[in-house]
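Residue numbers (our numbering): 14 to 440.
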Ligand SMILES: [Zn+2]
Ligand SMILES: [Zn+2]
């Protein structure tokens with residue numbers, strides 16, 4: 014490497030971003046809230062690797078989907094294997110179920126996961142190549158009550174995170190029995206207007222015309238408005254499932270709108286599809302998307318195990334959430350001299366073990382400089398350990414929020430700090 018390249022600044026890869034500590038606080042609250050709520054419904058975390066064999070996603074998302082054809086982060090590793098950074102989570106869970114025979118456990122199986130996904134998409138405002146999802150899946154439950162329960166759970170989380178003005182869109186995308194007839198009718202309709210469609214949709218018109226409804230191009234949207242709707246083609250089983258699903262939503266008092274053009278982007282969905290949108294997000298307004306995939310596990314070579322789940326984009330979620338982060342309270346220890354420094358280290362160690370955040374800095378300062386530093390970094394308390402204090406075994410503690418000063422032994426002062434922390438937490 015020559016000197017020039019050595020000096021060149023290295024920046025984050027396009028489409029990725031650092032989440033700095035101040036922002037990370039919000040992520041922590043959102044993630045902790047999601048975990049807490051999912052566990053209340055009996056979900057357990059399942060952590061799968063970030064990298065998977067490429068064929069998992071070729072199989073899982075269907076070769077005609079945009080994710081596979083355009084957006085996967087795929088590379089060949091040193092062993093010559095084709096590896097993909099997961100673009101979505103469901104195929105990994107399905108693989109894990111089959112690999113570990115989780116289907117032998119009592120059903121339904123309920124899993125959640127929070128983590129990064131990767132798509133080699135055109136980076137634009139609010140969209141990243143490494144983005145993050147909150148994901149839940151239920152396997153082995155056919156009852157439409159569970160479809161409604163996951164929607165209710167999503168609402169529970171959104172409410173807890175202060176997301177307002179949400180609307181729930183629902184649809185049924187049918188099943189293997191009823192979708193072919195609809196597909197045929199749709200293909201016919203798409204062919205009739207083919208020259209008005211964008212090149213992408215012209216291709217979709219033959220392979221998967223359902224996905225023309227997803228296109229944002231105006232002429233495609235106009236054309237799609239004339240297409241037949243899936244709701245008119247549902248078989249008895251799918252229609253009943255859809256009706257019952259909606260009756261449970263009514264039971265929960267969740268308002269929804271039937272959107273017959275709502276098709277989840279991925280090929281493996283069956284029956285229920287839903288989205289929760291918020292008007293704050295503009296055109297890209299879906300905050301949560303989910304649906305049923307009853308044939309997926311079987312198509313992967315696993316047992317006949319139905320499934321349903323949803324994913325929320327964390328970046329989008331945080332852009333509309335109203336989260337209050339917990340107040341961080343910490344003690345700055347101001348010391349004078351080498352002996353007091355050691356006493357500070359020992360005190361900090363002891364207090365930390367008792368759950369109090371302490372900061373000891375290793376720069377020679379006089380008391381005035383210590384206080385101005387403590388002030389600058391927002392310390393709630395300053396514990397003073399000087400020669401005087403060492404000799405008497407009594408230390409000074411100052412409450413930086415109201416300037417009140419206390420004198421006492423190590424234990425007495427620790428008690429005051431903990432007491433105050435408890436009061437703050439309860440208000
Ligand atoms: Zn059907
Ligand atoms: Zn189009």
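For each residue, glycine too, the CB sits at the ideal point set by N, CA and C. All figures in this text were calculated on a predicted structure; none of them were measured in a lab.
Short of 6 Å in beta carbon distance, which residues of its chain neighbour residue i, apart from the five on each side in sequence? Order them along the chain.
i           : result
residue 299 : 288 and 290
residue 434 : 342
residue 176 : 333 and 334
residue 354 : 348
residue 223 : 276
residue 201 : none
residue 272 : 182 and 184
residue 230 : 211
residue 28  : 136, 141 and 142
residue 383 : 347
residue 251 : 185, 187, 188, 191 and 284
residue 244 : 273
Excluding five sequence neighbours on each side, which residues of the same chain lie with their C-beta closer than 8 Å to the C-beta of residue i?
i           : result
residue 14  : Note on residue 14: pLDDT 49, under 50, position unreliable in the model; the coordinate value appears next. Closer than 8 Å at Cβ, skipping near neighbours: no residue.
residue 451 : The requested residue 451 is not part of the displayed model; the chain covers only 14 to 440.
residue 270 : 180, 181, 182 and 183
residue 264 : 161
residue 392 : 343, 344, 345, 372 and 413
residue 241 : 195, 198, 199 and 202
residue 400 : 349, 350, 352 and 353
residue 426 : 396, 408, 410 and 419
residue 417 : 411
residue 20  : none
residue 364 : 344, 371, 427 and 430
residue 437 : 340 and 342
residue 218 : 200, 203, 204, 207, 210 and 225
residue 57  : 123, 124 and 125
Can you list, in chain order, the residues of its chain whose CB lies under 7 Å from that of residue i, leaving out five sequence neighbours each side?
i           : result
residue 209 : 232 and 236
residue 158 : 261
residue 133 : 84, 85, 86 and 142
residue 106 : 59, 61, 124 and 150
residue 43  : 174, 327, 330, 331, 334 and 336
residue 402 : 408 and 409
Rank the options by C-alpha distance to the C-alpha of residue i and give the top, closest one.
i           : options               : result
residue 258 : 301, 247, 183 and 390 : 183
residue 199 : 253, 225 and 178      : 225
residue 357 : 340, 367 and 375      : 375
residue 306 : 293, 330 and 281      : 281
residue 317 : 153, 28 and 353       : 153
residue 395 : 380, 42, 404 and 401  : 380
residue 126 : 338, 219 and 147      : 147
residue 430 : 133, 368 and 213      : 368
residue 360 : 329, 397 and 129      : 397
residue 170 : 273, 191, 45 and 426  : 45
residue 110 : 134, 83 and 60        : 60
residue 112 : 120, 69 and 129       : 69
residue 99  : 32, 93 and 131        : 131
residue 308 : 57, 41 and 72         : 72
residue 303 : 25, 102 and 40        : 102
residue 220 : 193, 120 and 38       : 193
residue 254 : 274, 286, 33 and 422  : 286
residue 234 : 248, 251 and 274      : 274
residue 128 : 301, 40, 36 and 423   : 40
residue 423 : 378, 362 and 377      : 362
residue 320 : 338, 266 and 156      : 156
List the residues that DSSP assigns as beta-bridge partners of residue i.
i           : result
residue 183 : 271 and 287
residue 98  : 64 and 86
residue 412 : 394
residue 129 : 145
residue 321 : 151 and 305
residue 347 : 397
residue 326 : 146
residue 140 : 137
residue 13  : This structure gives no information on residue 13, because the portion of the chain shown stretches from 14 to 440.
residue 418 : 411
residue 370 : 343
residue 299 : 290
Note to self: Does the structure place the stretch 43–57 close enough to the stretch 153–166 that three or more beta carbon pairs sit under 8 Å?
What the structure shows: Taking one beta carbon from each stretch, the stretch 153–166 and the stretch 43–57 have 3 or more pairs nearer than 8 Å; the two touch.
Item checked: contact_flag[the stretch 138–148, the stretch 339–348] where n(CB pairs < 8 Å) is 3 or more -> Touching, no.
Margin query: As a quick check of your reading: which residues have a C-beta less than 6 Å from at least one non-hydrogen atom of ligand 1, in chain order?
Written below: Residues with their Cβ less than 6 Å from any non-hydrogen atom of ligand 1, running along the chain, are 187, 188, 190, 191, 247, 248, 250 and 251.
Note to self: Measuring CB atoms only, is the stretch 305–320 touching the stretch 348–358, in the sense that at least three cross pairs come out at less than 8 Å?
What the structure shows: Contact annotation: the stretch 305–320 does not touch the stretch 348–358, with fewer than three C-beta pairs closer than 8 Å.
Next item on the list: Count the C-beta pairs between the stretch 319–329 and the stretch 186–206 that are closer than 8 Å, then say yes if the count reaches three, no if not.
Entry: No: fewer than three Cβ pairs fall under 8 Å.
Item checked: Closer than 7 Å to ligand 2: residues, by C-beta to nearest heavy atom, in chain order -> Taking each Cβ in turn, the ones that pass are 210, 211, 213, 214, 225, 228, 230 and 233.
Checklist line | Touch test, the stretch 381–395 against the stretch 405–413, Cβ-Cβ under 8 Å, three pairs minimum | finding: At 8 Å Cβ cutoff, the stretches touch.
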